[in-house]
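Report on the following structure.
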Amino acid sequence: MSAGALPRPTRAYGPGLDPEPPVLRDIGSDEAITDELLGKVLHPPKWLKWALLVTAGGTGLLLLAVAYTLVTGIGVWGNDIPIAWAFAITNFVWWIGIGHAGTFISAFLLLLEQKWRTSINRFAEAMTLFAVVQAGLFPLLHMGRPWFFYWLVPYPSTMGVWPQFRSALTWDVVAVATYLLVSILFWYLGLVPDLAAMRDRAPERWRRRVYAVFALGWYGSARNWSRWRIGYGLLGGLAAPLVVSVHSIVSSDFAIALVPGWHSTIFPPYFVAGAIFSGFAMVVTLLVPARHVYGLQHVVTERHLDNIGKMLLATGWMVLWSYVVEIWSAWYSGDTFEQYVYLVARPFGPYGFLFWTVLACNCLAPQALWWRRVRRSPLVLWFIAGAIQVGMWTERFFLIVTSQSRGFLPSSWNLYRPSIVDVSLLLGTLAFFCFLFLLFLRFVPFVAISELKALRHELAEEKRHG
Amino acid sequence: MRADRPDPMQHAPSDPIARRAFLQRMGAAIALYGATGCTRAPAEQIVPYVTQPPDVVPGRPRMYATAFVLDGYATGVLVESHEGRPTKIEGNPEHPASLGATSAFEQASVLSLYDPDRMRAPRLNGTTASFAQVFAAVRRAALARREGEGLAIVLAPSSSPTLARVLRLVRERLPSARVFFHGSRARAAHEGARMVRGRVLERRHDLRRADVVVSLDDDFLARGPACARLAHDFASRRTPNSEGGMNRLYVFEPTFSATGTMADHRVRVRAHDIAAVAARLVREISKGRLAVPDVLADAAKGVVVDALARDLVAHRGRCAILVGASQPPVVHAMAHALDELLGNVGSTVTLAPSPLLEAGEPSHDARALAAHLRSGAVHTLLVLGTNVVYASPADLELEKLVRAVETSFYLGAFADETADACTMTMPEAHFLESWGDARAFDGTVSIVQPLVAPLHGARTSLDVLSALLSPSPQEPAPSSHALVRETMRVGHGGDAGFEAAWRRALRRGVTDDAPIAPVPPGELALDRHALAAALGAVRLPPPGALEIVFPTDERVHDGRFANNAWLLELPTVVTKLTWSNAATLSSATAARLGLSDGDEVDVTYEGRTARTVAHVVPGHADDSVAITLGWGRRGGETNARGRGVNAYALLGSGEAIGAGVTVRRTGAARALAVSQPNHDLHDREHHIARKTTLAALETRRTEREKRPVALPLYQLAPADTRQWGMAIDLSLCTGCSACVVACQAENNVPTVGPDGVAKGRIMHWLRVDAYVGGDRHAPDVTLQPMLCQHCEKAPCEYVCPVDATVHSSDGLNQMVYNRCVGTRFCSNNCPYKVRRFNWFDYHQGEPDVVALVRNPDVTVRQRGVMEKCTFCVQRIREHEIAVHRGDADVPPVRTACQATCPTGAIVFGDLADKGSTVARLHADERAYGALEELGTKPRVAYLARTKNPNPEIA
């Protein structure tokens, strides 16, 4: 370190006083890291086969429910008039939201040069990708005539008709498609050096062949690395605004509508905060068991858990603040319809129990994260994340359904009860998501090995100069 | 070319078989190719006219006049026919009972024509037989004994002059045969008239002259033989601007009827206590001139009755008292007395002989029929067009009696309960397949002419009676067509000019004959002693004792429409119950009995028990349980079978009102299919359904109240075409729901069944919302027909991602079914929730015959698309084409709902034409737009529901 630079604050307190656990712990040489982390992919644990089987069964349930819906019609769901949107849209918004943490970790934290992102970014990106796949399923299924889905896409149609660009659903198509595309590219580009490592280390010939195709001829030259870094940084720059844009646009599916309870300008930031909130919760939900099963405690340390816990706490407060502002502005607006939805129907109406569930899960449970010991305890953190998952799903459901069920005309007020197909679709996508995730664990290096090694060098360098 | 060698080029086109076979195979092949793709093209043969009938222009419907008969009384209708296929019924403006409007029954009757459950073939002793065989068997059995001994004929109540003539001939030929009429609803009125007038007379009301109208348990605005006419006349005095001033309506009733929703003062009383109300009115108005037992008159309490008595006296000669058919004769007799006391006879009420055959005779009594059957004197029973076994009180045990008859014949539309009990059955023709005639409530004669040949070779009652009259089985009996013509020829007085008169009658829907003349007031007398004696005999159940009422059902009547899906899915006036009846009661009574809505209950009356569901109706009278007739069917009709509870199984001795009933919870609960679960307006009256009073309006006029004006955010482009709009006067909407069925018939709106309704998927494009407000126990109901408001700034349009709902230059909010992908965003964003989604392929798998009822001018919607009211765009375009073509006398566009509305509450027209009625109504002081503050600029204006309460009571 040059003489003129200020010392890092943590360092100023001297060795042993650093309250933060390290980002990496005793990971050995580069080769050892590579061997260890690739070994986890090349020699999968025994239970993985069974877990794949179970989740494949759940995916089968999903396919059944999808086929039944497509053959018979949306009528097999519980939707009605006025509740024309219910489970499917809830699931869509929830899954899209989950995807956000991945992009946030990989792109935002990359641009902010947060070192702790390296151990978990691959993981989070995969999660994003699979969550967006689940999410993308619902708007398609949800259509009355899904075989005409492409009418929402602006293409030079022989009918000479374009999509109607004032509708938020048209924006949705663009936003989600962009997001999916960038997520895939970003994830894949990050994966290329590790795929090359897999190509070099895989025991069977066919696997080497397959990995070779996906490694795109990577041979680890300085030129490779230089180009890769530029490309990765550019994509990161591209992906970062998507974190904000996608859920802002998803929120306008509601915000541009007249429906009391939807018609609100706070929705875009509120939805983005909620998305990152639920996304980080999903990271914890997946990371904690994987870390334990794969023995990754030295790569994913308490530092990561602690940081994620802080993120949860921060976004949780943003969400809570949004709730307060939403309710306050409904009251302040003087609009009887808005007031009824926010002040009567939601807390005390037929879906009132959901409101209190949301408050308990999304606002009360995360307050435990003020305590460092809670943040660093994987089990407690995992349970809190679970509560947040439930809370965020419930919040979306509640927000979508209560508003429709208590609209302008009391004559049209009605309730929604999910059908067995609705529930099957939700459970089915959960299974499908897990199935894809297990496949990812089975075939792809789930920790960004090359980036980890770079980080190791960086930290070592820092230590040496420190 | 050699002559012996056929020329293949000439042969092939002249051989239709080869060409058709080729086309069929090609069609099948193409269909199979299509099966691999996404769309299905049905392989059907299209056979064009070989010789086009001279009058038929394909694609242009024709209207024919005929008459719909219910309980013996006719309503004139015009039937729209597309290439020989009747699809839609309109009222006949020339007919006195219609004046262009109809009730829901007429609207729905066309669906019954195409009912797939209709009896298809005659049956003889359990096996299918030919018509000739069954006719021969009927003749053999009926004529087996001399002079018709042992023969009994049961007919539906009828006013048909031809039937009267044929019955005379039958009686001449078979003097010992007995004739009965089953199911008359006018018996109590006839008996009441006989009691005090000495003869059977019917009271006809002229509500155009009535300042004060009183309904004693009479739903006269929505039900009864003259309901469309009465509603029309009532409405002519029902708005603040009515000529002659706004009338005032008092309603006393146990159940909440459509008429009750219109009342300025509605009093909930037990059906039994109506007699007390009438007696108190008689006592107060007669001032002692008529003897009324005080115990009876004092049983009616409350300020309304006494104020009403004063109001009636103040409007002497300008008031009308209408009594419900289910009320006992003594109440009808008191109405006659009130007519005399108030000097209404000759002004608002006239008395005339009934158009019904043998009105008031014992032959109308089901008990007489049962006694005759029980005597064992009957060996041949002919039941013609009335379901005696089902629609009779249980204690008459008619099923057993009919089964005991050696030979029984049933002419009926369905394989129902009576068909099951009879040895021979024959399909009965629908009225759109029949020749006949009938009289309206005032005696005006209409010819019933067929629109289509009987679909299943069905016959009419006249055909059967005619078969009895023919001298030998070989000789063909005169057809009903010939019989009707003969009757008219006799009435016309010979052949001179008869053809022209006949054609005129067919074209107009009414004959030239004068209606039945009323009895001159001078010839009428009131038998005070008989009335006093009858009043002395009235015994009311003690206050607080539970009574039971069996009204006819507003949807299925007495069960005859129980298989008609349009009517089954028609919501009731207040609670919007569909597909079932229930034991209705008030919330106070339910609480006293420990019941809540949806509890399964056992209702026990006179030792008979029926299991049904308790249904709490706001504004129902306390201590009164009502179960409507016509449900709980167990015949062969798939829609009807097993729905609701059969009230006939409880009904004792044939009286519609009984006391001494117990209601007990079984502990189970059942969900009822209700199309509107919430009736509370939540203080949104001003935004949605406005109410006012005549007095408040007058105050406002003098005060010149400033109305808030919304600043226009967008300037609308000046219109260079017509601008369609609608105005609905909430003061005039009775909730009779004829418009709902008319819309369903016109626009091919599917039904969804009870599960669909319970899930909130009813498809009606037009519904009548009911809001219950005011006192929880004696509430005020506001009805609001709700349909697409065709907003100029439509919230549905900007949220559709594929431009499937767009605005037309003439102001219609259009729905493009072909373009719709079914995201349902439009429905979410519709503040009025009038958009309907095809959750399933509702038309898939329906029998071919049902498809015949569809209006060919309106698309049948596929699964997955949104639909909604179009303002009957097909009618608008048809009108525009006619105008463009330069046709003479193009009638103005009338939407289906507007055309059938008896009160004229719905007005449609061009808003750009400042002189049009609709434009005038849009500018009315009472006009407002529902939720107009949202900036949607609805094209439908509502006129605030205006009441005219008695200042003395308020």
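For the record, the sequence lines run as chains A and B.
Each step along the first sequence adds one to the number in this note's numbering, with nothing skipped, and position 326 is 318.
With positions in the second sequence counted from 1, the corresponding number in this note's numbering is that position plus 48.
Glycine is no exception: its CB is placed at the ideal position from the N, C-alpha and C atoms.
(request) Report all residues from its chain with a CB closer than 8 Å to the CB of aspartate 803(B); omit the five preceding and five following residues, and keep chain order. (result) Taking the first residue of the second sequence as 1, we reach residue 803(B) at position 755. Within the same chain, aspartate 803(B) has close Cβ partners Ala721.
- Query: Do you know whose CA, among Arg158(A), Asn299(A), Phe259(A), lies nearest arginine 368(A)'s CA?
  - Reply: The count along the first sequence starts at 1 and reaches residue 368(A) at position 376. With respect to the C-alpha of arginine 368(A), the residue from Arg158(A), Asn299(A), Phe259(A) having the closest C-alpha is Asn299(A).
From the beta carbon of glutamine 396(A), is the nearest beta carbon of chain B less than 8 Å away?
Along the first sequence, read from residue 1 onward, the residue named residue 396(A) stands at position 404. Judged by the 8 Å Cβ criterion, glutamine 396(A) is in contact with chain B.
C-alpha distance - threonine 907(B) paired with valine 869(B), whole-angstrom precision: Start at 1 with the first residue of the second sequence, and residue 907(B) comes out as number 859. Start at 1 with the first residue of the second sequence, and residue 869(B) comes out as number 821. Cα-Cα distance, rounded: 16 Å.
Quick check on the DSSP output: the beta strand (DSSP E) that includes isoleucine 112(A) runs from which residue to which? Walking along the first sequence from the start, residue 112(A) turns up at place 120. Taken as a continuous stretch (DSSP letters only), isoleucine 112(A) belongs to no beta strand (DSSP E), as it is neither H nor E.
Phenylalanine 873(B) versus chain A: which residues are under 9 Å apart at the beta carbon?
Translated into positions along the second sequence, residue 873(B) becomes position 825. Neighbours of phenylalanine 873(B) on chain A, chain order: Ala76, Trp77, Ser159, Ala160, Leu161, Asp245, Ala249.
When we look at the beta-carbon of methionine 151(A) and count the other beta-carbons within 10 Å, is it buried (16 or more) or exposed? Within the first sequence, residue 151(A) is the residue found at index 159, counting from 1. With fewer than 16 other Cβ atoms from the protein chains shown falling within 10 Å of its own Cβ, methionine 151(A) counts as exposed.
- Item | Selection of the region 139 to 156 of chain A by Cβ proximity to chain B, strictly under 9 Å | Trp139, Phe140, Phe141, Trp143, Leu144, Met151, Val153, Trp154, Pro155, Gln156
Exercise. Count the other CB atoms within 10 Å of the CB of glutamine 181(B); is the residue buried (16 or more) or exposed (fewer)?
Worked result: Looking up residue 181(B) in the second sequence gives position 133. Its Cβ having fewer than 16 others within 10 Å, glutamine 181(B) is exposed.
- Query: If you run the structure through DSSP and keep just helix, strand and coil, what is histidine 838(B)?
  - Reply: As a working note, residue 838(B) is residue 790 in the second sequence. Coil at histidine 838(B), not helix or strand.
- The alpha helix (DSSP H) spanning glycine 383(A) covers which residue range? Here residue 383(A) is taken as the residue at index 391 of the first sequence, counted from 1. Segment 370 to 397, the alpha helix (DSSP H) holding glycine 383(A).
(message) With distance defined between alpha-carbon atoms, name the residue in Ala258(B), Ile333(B), Ser206(B) nearest to serine 411(B).
(response) Along the second sequence, one-based indexing puts residue 411(B) at 363. It is Ser206(B).
- [ ] On a CA-only basis, which of Thr135(B), Tyr846(B), Thr114(B) is nearest arginine 902(B)? Give me that one, please.
- [x] Position 854 of the second sequence, counting from 1, holds the residue named residue 902(B). Here the closest residue by C-alpha is Thr135(B).
(message) Would alanine 156(B) and asparagine 612(B) qualify as a contact pair, given that the criterion is a beta-carbon distance under 8 Å?
(response) One-based indexing of the second sequence puts residue 156(B) at position 108. One-based indexing of the second sequence puts residue 612(B) at position 564. Result yes, Cβ atoms of alanine 156(B) and asparagine 612(B) sit closer than 8 Å.
Verify whether the separation of the beta carbon atoms of threonine 559(B) and alanine 553(B) is less than 8 Å. What you label residue 559(B) is simply residue 511 of the second sequence in a count that begins at 1. What you label residue 553(B) is simply residue 505 of the second sequence in a count that begins at 1. In this structure, alanine 553(B) lies closer than 8 Å to threonine 559(B) by Cβ.
So with CB distances below 8 Å, who are the chain B contacts of tyrosine 332(A)? On the first sequence, residue 332(A) is found 340 positions in, with the first residue counted as 1. Chain B residues near tyrosine 332(A): His730.
**Request:** Check each residue of the region 393 to 427 of chain A: if its Cβ is closer than 7 Å to any Cβ of chain B, include it; give the result in chain order.
**Result:** Gln396, Gly399, Phe400, Leu401, Pro402, Ser403, Ser404, Trp405, Asn406
At 4 residues or longer, what runs of the alpha helix (DSSP H) sit wholly inside the region 924 to 990 of chain B? 944 to 948, 965 to 970
Which complete alpha helix (DSSP H) runs does the region 777 to 802 of chain B hold, if anything under 4 residues is left out? 786 to 794
Taking 8 Å as the threshold (C-beta atoms), are leucine 616(B) and aspartate 671(B) in contact? Taking the second sequence and counting its residues from 1, the one referred to as residue 671(B) is at position 623. Taking the second sequence and counting its residues from 1, the one referred to as residue 616(B) is at position 568. No, the Cβ-Cβ distance between aspartate 671(B) and leucine 616(B) is not below 8 Å.
Closer than 8 Å to chain B by CB, isoleucine 441(A): The sequence position of residue 441(A) within the first sequence is 449, counting from 1. Not closer than 8 Å to any Cβ of chain B, the Cβ of isoleucine 441(A) fails to qualify, so no.
| message | What ranges does the alpha helix (DSSP H) occupy inside the region 852 to 930 of chain B, keeping only unbroken runs of at least 4 residues that lie completely in it? | response | 873 to 877, 896 to 899
Requested in this report: Report yes or no: do three or more beta-carbon pairs, one from the region 879 to 893 of chain B and one from the region 807 to 819 of chain B, lie closer than 8 Å?
Outcome: Taking a cut-off of 8 Å on C-beta distances, the region 879 to 893 of chain B touches the region 807 to 819 of chain B, as three or more cross pairs fall below it.
*Could you tell me whether any Cβ in chain B is nearer than 8 Å to the Cβ of aspartate 72(A)?*
Taking the first residue of the first sequence as position 1, residue 72(A) is located at position 80. So, interface residue.
- According to a CB-to-CB cut-off of less than 8 Å, which residues of the region 882 to 900 of chain B neighbour chain A? Arg883, Arg884, Phe885, Asn886, Trp887, Phe888, Asp889
For the candidate residues Trp179(A), Asp72(A), Ala57(A), Ser213(A), whose alpha-carbon lies nearest to that of leucine 133(A)? In the first sequence, counting from the first residue as 1, residue 133(A) sits at position 141. Minimum Cα distance to leucine 133(A) is reached at Ala57(A).
- Message: Any C-beta of chain A within less than 7 Å: which residues of the region 802 to 813 of chain B qualify?
- Response: Lys807, Gly808, Arg809
- Ends of the alpha helix (DSSP H) at histidine 284(A)? The residue given as residue 284(A) occupies position 292 in the first sequence. Element bounds for histidine 284(A): 259 to 285.
Alpha carbons only, please: which of Ala992(B), Ser701(B), Thr473(B) is nearest the one belonging to serine 178(B)?
Position 130 of the second sequence, counted from the first residue, corresponds to residue 178(B). Answer by Cα proximity: Thr473(B).
Q | Contact set between methionine 135(A) and chain B, taken where Cβ atoms lie within less than 8 Å | A | Residue numbering aside, residue 135(A) sits at position 143 when the first sequence is read from its first letter. Chain B residues near methionine 135(A): Val869, Gly870, Thr871, Gly912.
- Query: Under 8 Å, do valine 262(B) and leucine 255(B) count as touching if we go by C-beta distance?
  - Reply: Locating residue 262(B) in the second sequence gives position 214, counting from the first residue. Locating residue 255(B) in the second sequence gives position 207, counting from the first residue. Cβ distance not < 8 Å, so valine 262(B) and leucine 255(B) don't count as in contact.
For serine 482(B) and histidine 540(B), the rounded distance between their alpha carbons: Walking along the second sequence from the start, residue 540(B) turns up at place 492. Walking along the second sequence from the start, residue 482(B) turns up at place 434. Distance between the alpha carbons of histidine 540(B) and serine 482(B): 22 Å.
Three-state secondary structure (DSSP) at lysine 995(B)? In the second sequence, the residue the question calls residue 995(B) occupies position 947. DSSP places lysine 995(B) in strand when its eight states are reduced to three.
> For tyrosine 203(A), which of helix, strand or coil comes out of DSSP?
Replying inline: What you label residue 203(A) is simply residue 211 of the first sequence in a count that begins at 1. Residue state, collapsed to three classes: helix.
(message) Between the alpha carbons of glycine 391(B) and leucine 583(B), how many angstroms are there, rounded?
(response) By 1-based counting over the second sequence, the position of residue 391(B) is 343. By 1-based counting over the second sequence, the position of residue 583(B) is 535. Rounded to whole angstroms, glycine 391(B) to leucine 583(B) spans 21 Å at the Cα level.
- Query: Taking buried to mean at least 16 other C-beta atoms within 10 Å of its own C-beta, is glycine 266(A) buried or exposed?
  - Reply: Working through the first sequence from its first residue, we reach residue 266(A) at position 274. Flag for glycine 266(A) reads buried.
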